[in-house]
Amino acid sequence: MIKACIFDMDGTVANTINSIKYFANNALKKAGLNEIDTETYKVIVGNGAKVLVERMLKTVGADEKYFDEVSFEYNTKYDNDFLYLTEPYEGIIDMLKELKKLGIKAAILSNKPHGTAIKVSEALFPEGLIDVCYGGREGVALKPDPQGVFDIIDELGVKKEECLYIGDTGTDMKTGKGAGLYTVGVLWGFRKEPELLENGADAIISHPSELLDIVDKMK
209 MIKACIFDMD GTVANTINSI KYFANNALKK AGLNEIDTET YKVIVGNGAK
259 VLVERMLKTV GADEKYFDEV SFEYNTKYDN DFLYLTEPYE GIIDMLKELK
309 KLGIKAAILS NKPHGTAIKV SEALFPEGLI DVCYGGREGV ALKPDPQGVF
359 DIIDELGVKK EECLYIGDTG TDMKTGKGAG LYTVGVLWGF RKEPELLENG
409 ADAIISHPSE LLDIVDKMK
């Protein structure tokens, strides 16, 4: 029986790509560098802000000397206006409400900085829908390392066989499988089905309501 669902944030419960693009491109422009298009951001996000900035600089052919400047501008401006152009995906809140009715706990595990992840979660989702939210924390490896999943499982007081992990990237699939969880890939996020399957997805869904069907089948 499923007792908890652990969700990725960006591209899974929250549509953040336009927000990321806006603040990242502003940081690049301020440094005198070229902008990057939306589809490219969908490919280079997902492994934390540090890796994102490194990939941004590589994409525009810029020297690593720009890293500190671009990183500071991106992280500072994003954290100061973290909801700009960000919203839950259609059907997410309804799905979370149904999980709550079923007595199933919901958690978020993000590679965003922890403070920002908490603020986004609290602002987007009504109180009580998300039981635990972890972002990137000092001393804890980012996804695909499964430590964050284990920490959430411990905090929720459930067993791994009672949990689902849900995400939209290959990194998420590796995270869920690395933790030993049944892992669900979503198609409304940043990546495509082949990447999800190649990295171990046990199931693929195209709308949040389909997660409820999986939960029902696993009673």
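The sequence shown begins at 209 in my numbering and counts up by one. Where a beta carbon is used, it is the ideal one built from N, C-alpha and C, also for glycine. Just so you know, these numbers come straight off a predicted model, no measurement behind them.
Own chain, CB closer than 6 angstroms to residue i, minus 5 neighbours either side, in chain order
i: GLU295; result: ASN223
i: ARG263; result: ILE252
i: VAL268; result: LEU241 and ASN242
i: ALA235; result: VAL278, GLU281 and TYR282
i: LYS382; result: PRO352 and ASN407
Neighbourhood of residue i by C-beta, 7 angstroms cutoff - its chain only, sequence neighbours within 5 removed
i: ILE360; result: ILE214, ALA315, LEU317, VAL340 and TYR342
Residue i, buried or exposed, once every other Cβ within 10 Å from all chains shown has been counted against 16
i: ALA331; result: exposed
i: ASN321; result: Going by the sequence as given, residue 321 is Pro instead of Asn. Burial call: buried.
i: LYS427; result: exposed
i: GLY356; result: buried
i: ASP424; result: exposed
i: ASP376; result: buried
i: LEU304; result: buried
i: GLY384; result: buried
i: GLY365; result: exposed
i: LEU310; result: exposed
Residue i versus residue j: straight-line alpha-carbon distance, rounded
i: LEU241; j: ALA270; result: 7 angstroms
i: ILE301; j: VAL328; result: 14 angstroms
i: ASP353; j: GLU272; result: 26 angstroms
i: THR284; j: ILE413; result: 35 angstroms
i: GLU403; j: GLY386; result: 16 angstroms
i: GLU363; j: GLU247; result: 36 angstroms
i: TYR373; j: THR379; result: 12 angstroms
i: GLY388; j: ALA349; result: 17 angstroms
i: PRO334; j: PHE358; result: 25 angstroms
i: GLY299; j: ALA239; result: 38 angstroms
i: MET209; j: PHE231; result: 41 angstroms
i: LEU260; j: MET217; result: 16 angstroms
i: ASN319; j: ARG345; result: 9 angstroms
i: TYR249; j: ILE312; result: 33 angstroms
i: ILE338; j: ASN255; result: 22 angstroms
For residue i, the residue or residues it bridges with in DSSP
i: VAL251; result: DSSP output for VAL251 lists no bridge partner at all.
i: TYR390; result: LEU372
i: LYS313; result: ALA212
i: ILE360; result: Per DSSP, none; premise fails for ILE360.
i: ASP218; result: ALA222
i: ILE413; result: VAL394
Chain-order list of residues whose beta-carbon lies under 8 angstroms from that of residue i (same chain, five-residue window excluded)
i: ILE326; result: CYS341 and GLY343
i: PHE275; result: VAL261, GLU262 and LEU265
Short CB-CB distance (under 8 angstroms) between residue i and chain C
i: ALA325; result: Here chain C cannot be found, since the structure has a single protein chain.
Counting Cβ pairs, one atom from each stretch, are 3 or more of them under 8 angstroms apart for the stretch 381 to 400 and the stretch 410 to 419? yes
Counting Cβ pairs, one atom from each stretch, are 3 or more of them under 8 angstroms apart for the stretch 224 to 239 and the stretch 285 to 293? Contact between the stretch 224 to 239 and the stretch 285 to 293 is present, because at least three Cβ pairs lie under 8 angstroms.
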